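Peer 1: If you read the protein sequences in the order shown, they are chains A and B. If you number the first sequence the way our numbering does, the last residue is 320 and the count never jumps. If you number the second sequence the way our numbering does, the last residue is 868 and the count never jumps.
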Amino acid sequence: MLDFALRLIATLLHVWLTFALAPLVMGVVTTLRAWVLGRRGPPVIQPYRDLYKLLRKSTLVPETASQLFSAWPLACLLSIAVAAMLVPGFCTGLLTAPLSDFITIMGLLALARAATMLGGLETGFGFGGAGAGREALFGVFAEGALLVVLLGFGLLAHGVSVDGIAVAFSTQHIGISVSLGFALAAMLAVALTETGRIPTDNPAGHLELSMVHEAMLLEYSGRNLLLLTYAAMLRLLLWMSLIGSIFLPFGMARATDILTWPGGLVLWLLKIAAMAVVLPLFEVSSAKMRVFRVPEFLGVAMLLGMLAAIFLFVAARIGA
Amino acid sequence: MFLGLPGQGMHLHLDALSLLFLGILLPQTVASAAAGMYRSGTFWAFVLGMGLTLAAADAFTLIFGFELMSAASWLLVLRGDQKPATLYVGVAIFSAACLIPAVFLHGGAVMFLLIVLGAGAKAGLAPLHFWLPRAHPAPPAGVSALMSGGMVKVALYVIIRYGFVVLGQQAQPWWGGVLVAAGAASVLIGALRAMLETELKTVLACSTVEHVGLIAVGLGIALRAKAMGDETTAGLGLQAALLCAVAHGLYKPLLFIGAGEVKHSVGTTSLNWLGGLVRAMPRLGLLMLAGAAGMAALPLGPGFAPEFLLWHAAIGAAGAGGIVARIGFTALLAVLGLGAALAIGAAVRMFGIGFLGRPRSLQAAAAEEGERGPLIGMALLAALCVPVALLPNLILDALSPVIRLLEPQAVLPPLAYAPLPLAVLAALVAVGAAFILYRYGVRGSREVPAWNGGFGKPPPWLPFGDPTTQPSATGFGEPIARAIGRGLLAPGGGDPAEVFLLTPLTRLHLRGVRLAERIRRATIRQRLAFIFMALVAFLLALGLGEGS
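#1: Name, going along the chain, the residues of the region 186-210 of chain A whose beta-carbon falls closer than 7 Å to a beta-carbon of chain B.
#2: Secondary structure at glycine 154/A, three-state DSSP: helix, strand or coil?
#3: Along chain B, in chain order, which residues have C-beta atoms closer than 7 Å to that of arginine 223/A?
#4: Cα separation between serine 506/B and valine 291/A?
#5: Taking the alpha-carbon positions, what's the arginine 841/B to arginine 831/B distance?
#6: From leucine 821/B to glycine 533/B, what distance separates their C-alpha atoms?
#7: List the DSSP bridge partners of glutamate 519/B.
#8: Which of the residues in the region 129-151 of chain A, read from start to end, lie with their CB under 8 Å from any CB of chain B?
#9: Hey, leucine 78/A and valine 708/B: beta-carbon distance below 8 Å or not?
#10: For glutamate 214/A and chain B, any beta-carbon pair shorter than 8 Å?
#11: Suppose contacts are defined by Cβ-Cβ distances below 8 Å. Is glutamate 727/B in contact with lysine 546/B by that definition?
#12: Count the other CB atoms, across all protein chains shown, that sit within 10 Å of the CB of serine 393/B; report buried if there are 16 or more and exposed otherwise.
#13: Can you check whether the C-beta of threonine 553/B is within less than 8 Å of a C-beta belonging to chain A?
#14: Given a limit of 8 Å on CB to CB distance, which residues of the region 43-69 of chain A reach chain B?
#15: Name the chain A residues whose beta carbon is nearer than 7 Å to that of proline 619/B?
#16: Near alanine 287/A, which residues of its chain fall below 8 Å by C-beta distance, leaving aside the five closest residues on each side in sequence?
#17: Going by beta-carbon coordinates alone, are alanine 132/A and phenylalanine 384/B separated by less than 8 Å?
#18: Tell me the DSSP secondary structure of proline 741/B in three-state form.
#19: Does phenylalanine 292/A get closer than 8 Å to chain B when you measure Cβ to Cβ?
#20: Tell me, which residues are paired with glycine 41/A by DSSP?
#21: State the CB to CB distance for the pair alanine 743/B and leucine 620/B, rounded to an integer number of angstroms; the pair is presumed to be in contact (CB under 8 Å).
#22: Residues in the same chain with beta-carbon distance under 6 Å from glycine 623/B, minus the five sequence neighbours each way, listed in chain order, please.
#23: Name the chain B residues whose beta carbon is nearer than 8 Å to that of isoleucine 318/A?
#24: Which residues bound the alpha helix (DSSP H) around proline 404/B?
#25: Would DSSP call serine 177/A helix, strand or coil?
#26: Taking all protein chains shown into account, do 16 or more other C-beta atoms lie within 10 angstroms of the C-beta of valine 485/B, making it buried, or fewer, making it exposed?
#27: In the DSSP output, which residue or residues are listed as bridge partners for alanine 253/A?
#28: In its own chain, which residues sit with a C-beta less than 7 Å from the C-beta of threonine 11/A, not counting the 5 before and 5 after it?
#29: May I ask you to list the residues that DSSP assigns as paired with leucine 575/B?
#30: Starting from glycine 814/B, follow its DSSP beta bridges and name the residues at the other end.
#31: Check whether chain A comes within 8 Å of tyrosine 571/B, counting only Cβ atoms and requiring the distance to be less than that.
#32: According to DSSP, alanine 376/B sits in a beta bridge with which residue or residues?
#33: Taking Cβ-Cβ distances shorter than 8 Å, what residues in chain B pair up with valine 82/A?
#34: List, in chain order, every chain B residue whose beta-carbon is nearer than 8 Å to that of serine 161/A.
#35: Please identify, using Cβ separations under 9 Å, the residues of the region 445-476 of chain B that lie next to chain A, in order along the chain.
#36: Near leucine 234/A, what residues of its chain come up, given a Cβ to Cβ distance below 8 Å and the 5 sequence neighbours on each side ignored?
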């Protein structure tokens, strides 16, 4: 009973922190990026102000849109939000842990992607359709790479739930293996593509022709745009939490042990902060690639994922 | 009995496997009949053939039902279009030529391979899938629905019946490997072509090739694991394959009947001439959206649980066995991932291009809601999709007698994907979002011309704007055609099986015909010369043989 209450409180805390901090993380990334580029940048709380502004703006619906126009942003936000609830943050053993199968999370992210693509096709104007076609292309390679990487985790952790992987990687002694390095590189490539960051897409771009994610949101305004923008922020934090709990699982708290919570919370915030620093540094040091270079970029990720699995097979064979 | 082999007659027997496939067949038959096929006698002969194959207790009845099904469906395809019917009857004769000798053999690998060739050609397993995207779209929608949802399942039933039950004791691990390889090729080619074709019914038929591939991969993994004694993976593979068959038997007929209604209402099913249909046909549009969610295997849709199980089975299969097989399963996972994302792209393209956006033709702009009968049939199938989507655990429990029949020792772990809690979480978020939006936000919305990156309003003589400024189905698939299609499809975008298997065969056939024709047209002198030469050669051979 006490365990259940503790897990419930931990889950609520996790959900509250994730939903509340997502805009802040986006703000930190944007501001740091501006600093590195030698500009002053907006204050870190600017995303909260943007969201509030969108809340008070009126919502416009294009004449050529169908009655499902407002359903796609909601579907996108709901699937991302559910996925964010499943990925463990500061502690393992949340109430949502039994649901946190990696394949379910992949499916929810794919659902969000499909909803965004349909939103892009909604009004039937060129930019949205072009963006959706490119997103479909990126999704094909991202999903293939992620599934192969998942095999490596499954072999190491004997299960593919994110919670189980986090527990296994933090308690077992796995050491620094080449396979995990390859898997990390592959996962980072997929994460950059999925969150629409440089080098695959430019979140600050203003040229419609080169947009991918933003092009699908062009016709949205007011509360619909609010939902889509907030979903993008949640998606960034979700991927950071996911990479953190798989590759940096040290110091994660246990939901049933309240004494480990403060340490877990501080470490989780530190991990997110570190990733929020590294991301803009990486972004300013690389250039956006052409659309048709992205399949090569993700193809390399897929090959790295396969190599990670093959190294594990060889290691099992020679008993290393 | 009047029918059947002399002195033996025909025998029927229903076990759990037959009942499962009859259960898959029933709702789509009702839906197709409601869609207007109940008047056709050939249609009922087709249904009778399928039922007879499923209920057969002896080999003769099975073949009789199978061929009745082939013949009746050929007549129905012929009603739609003559050219694919010829190809279809050719493939049907090939599959009969493989199946009839096979069922009278007494076990062994040859028998299994002949069964897979014969039934696989009927099911649309690569590389014998090339007829399916041509023949399935040809007949009326109700028949297409039953061919895609039912006939391929009957062919897969034959593979399951022989691979797991009749030959169950002799199974070798490589038998499963054959099925997995054919299935993986079908997944990739089917999903890729579904992403690139522009005809709505052809897109659906290509997606059927993909789903048949998924089922075959599940069966192959299970057969291999059964032969190797890995009971958990065998259970997972069978669960994946059978659940996929159940789900596909619901949403694919739904989509085909809907495509028929689109054809009826707009006059074409080419995605490049549709657009904006969900405004004019809201009920049909929503039903098609439900079907598309199943086809794309998205979570909370009917197609996700089988895919979830299949990926788990593939990960399990990659965890044991020889190193080459394990690397093969790693590649299989990459193929499954690519295929899943391509299926999402194909479903989004089908719905987004065909039903969202602006009309691309006057006929699409003037479309009217579908007729009552087909809509009722589709609604029935969509209603049956709900338990498959939200309570897959119950369906898997109902499937467990079938799995026990196929693999008595199979271990059936509970499903780790629980859609109901996910739906509850989503509902909580939705309530929270709605509260914030309605408490603090500005309510209502205003209809305005689309912003379209700042371009001006379309002129009054183009009420829906210039159709050419909107992304077409071809254009939407273009990035994927450029990045993947060039590597996997034959030059010019054709199906590799068609270009590398069917075309050479056709050429060989043509050459043989020309040779026969030349012999037939030979003059009397040429014939006499030929006989004389043959005589000389014969005598020479005889003389040389005697001399040595």
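Beta carbons are placed, not taken as given, at the ideal position from N, Cα and C, and that holds for glycine. Model, not experiment: these values are computed from the prediction.
Peer 2: Result, derived from the coordinates:
#1: Correct list: Glu208.
#2: As a working note, residue 154/A is residue 154 in the first sequence. Looking at glycine 154/A - three-state DSSP - the assignment turns out to be helix.
#3: Here residue 223/A refers to the residue found at position 223 of the first sequence. Leu757 and Gly761, listed in chain order.
#4: The residue you call residue 506/B lines up with position 186 of the second sequence. The residue you call residue 291/A lines up with position 291 of the first sequence. In a straight line, the C-alpha of serine 506/B is about 28 Å away from that of valine 291/A.
#5: Position 521 of the second sequence, counting from 1, holds the residue named residue 841/B. Position 511 of the second sequence, counting from 1, holds the residue named residue 831/B. Distance between arginine 841/B and arginine 831/B, taken at the CA atoms: about 15 Å.
#6: Working through the second sequence from its first residue, we reach residue 821/B at position 501. Working through the second sequence from its first residue, we reach residue 533/B at position 213. One alpha carbon belongs to leucine 821/B, the other to glycine 533/B, and they sit about 19 Å apart.
#7: The residue labelled residue 519/B in the question sits at position 199 within the second sequence. For glutamate 519/B, which the question treats as bridged, DSSP gives the partners Ser590/B.
#8: Answer set for the region 129-151 of chain A: Gly129, Ala130, Ala132, Gly133, Arg134, Ala136, Leu137, Gly139, Val140, Phe141, Ala142, Glu143, Gly144, Ala145, Leu146, Leu147, Val148, Leu150 and Leu151.
#9: Translated into the one-based positions of the first sequence, residue 78/A becomes position 78. Translated into the one-based positions of the second sequence, residue 708/B becomes position 388. For leucine 78/A and valine 708/B, no; Cβs fall outside 8 Å.
#10: Residue numbering aside, residue 214/A sits at position 214 when the first sequence is read from its first letter. In terms of beta-carbon proximity, glutamate 214/A stays away from the interface with chain B, with every pair separated by 8 Å or more.
#11: Within the second sequence, residue 727/B is the residue found at index 407, counting from 1. Within the second sequence, residue 546/B is the residue found at index 226, counting from 1. At a Cβ-Cβ threshold of 8 Å, glutamate 727/B and lysine 546/B count as neighbours.
#12: Position 73 of the second sequence, counted from the start, is the residue given in the question as residue 393/B. Counting Cβ neighbours within 10 Å, serine 393/B comes out buried, since at least 16 surround it.
#13: By one-based count along the second sequence, residue 553/B stands at place 233. It does not: the Cβ of threonine 553/B has no partner Cβ on chain A nearer than 8 Å.
#14: Answer in chain order: Leu55, Arg56, Lys57, Ser58, Thr59, Leu60, Val61, Pro62, Glu63, Thr64, Ala65, Ser66, Gln67 and Leu68.
#15: For this step, residue 619/B is matched to residue 299 along the second sequence. Correct list: Thr104, Gly107, Leu108 and Leu111.
#16: Here residue 287/A refers to the residue found at position 287 of the first sequence. Correct list, in chain order: Ile198 and Pro199.
#17: For this step, residue 132/A is matched to residue 132 along the first sequence. For this step, residue 384/B is matched to residue 64 along the second sequence. No.
#18: Looking up residue 741/B in the second sequence gives position 421. Helix at proline 741/B.
#19: By 1-based counting over the first sequence, the position of residue 292/A is 292. Using a Cβ-Cβ cut-off of 8 Å, phenylalanine 292/A counts as an interface residue toward chain B, since at least one Cβ of chain B sits closer than that to its own.
#20: Residue 41/A sits at position 41 when you count from the first residue of the first sequence. Under DSSP, glycine 41/A takes part in no beta bridge, so it has no partner.
#21: Locating residue 743/B in the second sequence gives position 423, counting from the first residue. Locating residue 620/B in the second sequence gives position 300, counting from the first residue. The pair is a contact, with the Cβ atoms about 6 Å apart (cut-off 8 Å).
#22: As a position in the second sequence, residue 623/B is number 303, starting the count at 1. So the list reads Ala567, Gly614 and Ala617, once near-sequence residues are dropped.
#23: As a working mapping, residue 318/A is identified with position 318 in the first sequence. Listed along chain B, no residue sits closer than 8 Å to isoleucine 318/A by beta-carbon distance, the nearest being about 10 Å off.
#24: Residue numbering aside, residue 404/B sits at position 84 when the second sequence is read from its first letter. Element bounds for proline 404/B: 402-423.
#25: Your numbering for residue 177/A matches position 177 in the first sequence. Serine 177/A falls in the coil class under three-state DSSP.
#26: Indexing the second sequence from 1 puts residue 485/B at position 165. That one is exposed.
#27: As a first step, residue 253/A must be located in the first sequence, where it is residue number 253. Per DSSP, Cys91/A.
#28: Within the first sequence, residue 11/A is the residue found at index 11, counting from 1. Cβ within range, chain order: Leu94, Leu95 and Thr96.
#29: Taking the first residue of the second sequence as 1, we reach residue 575/B at position 255. Looking at the DSSP output, leucine 575/B bridges to nothing.
#30: For the purposes of this step, residue 814/B is identified with residue 494 of the second sequence, where counting begins at 1. For glycine 814/B, no pairing in a beta bridge is given by DSSP.
#31: Counted from its first residue, the second sequence places residue 571/B at position 251. Tyrosine 571/B does not count as touching chain A.
#32: Taking the second sequence and counting its residues from 1, the one referred to as residue 376/B is at position 56. DSSP lists Leu332/B as the bridge partner or partners of alanine 376/B.
#33: As a position in the first sequence, residue 82/A is number 82, starting the count at 1. The contacting residues are Leu742, Leu745, Ala746 and Val749.
#34: Along the first sequence, one-based indexing puts residue 161/A at 161. Those within 8 Å of serine 161/A in chain B are Ala736.
#35: Answer set for the region 445-476 of chain B: empty.
#36: Sequence index remark: in the first sequence, residue 234/A carries index 234 (1-based). Within its own chain, the residues whose Cβ lies closer than 8 Å to the Cβ of leucine 234/A, once the five positions on either side in sequence are excluded, are Thr18, Phe19, Ala22, Leu77, Ile80, Ala81 and Ala84, listed in chain order.
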